[in-house]
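A short worksheet on the structure shown next.
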Ligand code: HEM
């Protein structure tokens, strides 16, 4: 016996309408999500054009170097990528404002926090960037929309002449040795917030610095480390790869020799 039930014409129409409405709702949701993510997709400013067309990549090997270049060029040390609804700053006064003065107006990682807050707590392992809760004006005069993304850029801040002087690219550890008798003196943390600064800083900062000192003592003092580059080429420039941790494209080929120990007099 055939159990198939023949649906009435009305029921079929209702099913079709319901199906179409579902597809339409999903499509509308996707469009709204896109509009929210790219609040100004038609911006024609040179930063947004370069970002959208990828033309920045002709001159720079990674986004961090391009941002650093834009921030150096900017009179305020701040740039806005309108198509991303994102403000990027390397201006220490803005950093202090976001991390101390108006800390509560610049919460972190809302998207992750919404999903994982109960499990991980409010902040730990939260790698999303900051948001501006209510519209605000940064100390350099930049207007920041409510709900938009705001980030300070420690990589660029380490490469700003306005912070470190014209020789910002030179390896000069003596920049930090300005205390009595050439001793170490802490630099204003808002100028170089690698461990973040203000009301919330890295909990592993001291451990990380101790590790760095241990490497300095155990490796740098005892070995001569010569960067040789691919196939032993000298004068080779390592290509930085931005990510959660900084690394170098293809690794960093080096030649290591035990240093000839100098005996103390
Ligand atoms: C050179 C090494 C390190 C750097 C540059 C660094 C940098 C940072 C930064 C910038 C933050 C703030 C993240 C944010 O909320 O936006 C942070 C948070 C944190 N770091 Fe580190 N970190 C380092 C090593 C470590 C180590 C070795 C540990 C643990 C032993 C550690 C534990 C943490 C924890 C638990 C937080 C979360 C603090 C919080 O949410 O209040 N970090 N770190």
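Residue numbers (our numbering): 60 to 324. From the three backbone atoms N, C-alpha and C, an ideal C-beta is built for every residue, glycine too.
Counting only residues of its own chain and dropping the five nearest sequence neighbours on each side, residue 145 has a CB closer than 6 Å to the CB of 208.
Per DSSP, residue 210 is one residue of the beta strand (DSSP E) stretching across 208 to 211. The straight-line gap separating the alpha-carbon atoms of residue 206 and residue 192 is approximately 5 Å. In the three-state reduction of the DSSP assignment, residue 230 falls in the coil class, being assigned neither a helical nor a strand state.
Residue 158 holds the alpha-carbon nearest to the alpha-carbon of residue 260 among 70, 238, 111, 158.
Here DSSP, grouped into helix, strand and coil, assigns residue 306 to strand.
If the five residues before and after residue 222 are omitted, its C-beta is found closer than 8 Å to the C-beta atoms of 149, 151, 216, 250, 251, all from its own chain and listed in chain order.
Taking residue 243 as the centre and dropping the five residues before and after it, the same chain places the C-beta of 235, 236 closer than 8 Å to its C-beta, in chain order. Rounded to the nearest angstrom, the Cβ distance from residue 219 to residue 227 is 6 Å, consistent with a contact under 8 Å.
Within the DSSP secondary-structure output, residue 107 pairs in no beta bridge.
Distance between residue 278 and residue 166, taken at the CA atoms: about 40 Å.
Under the three-state reduction of DSSP output, residue 246 falls in the coil class, being neither helix nor strand. Per DSSP, the unbroken alpha helix (DSSP H) holding residue 154 starts and ends at 151 to 155. Taking the Cα positions, residue 75 is about 54 Å away from residue 127. Here DSSP, grouped into helix, strand and coil, assigns residue 269 to helix.
Per DSSP, the continuous alpha helix (DSSP H) segment holding residue 124 begins and ends at 122 to 132. The beta carbon of residue 247 is closer than 7 Å to those of 151 in its chain, skipping five residues each way along the sequence. In the displayed model, residue 140 falls within a strand according to three-state DSSP. As computed with DSSP, residue 202 is found in a beta bridge with 196. Taking the CA atoms as reference points, residue 224 sits about 19 Å from residue 253.
According to DSSP, residue pairing for residue 145 in a beta bridge involves 140, 208.
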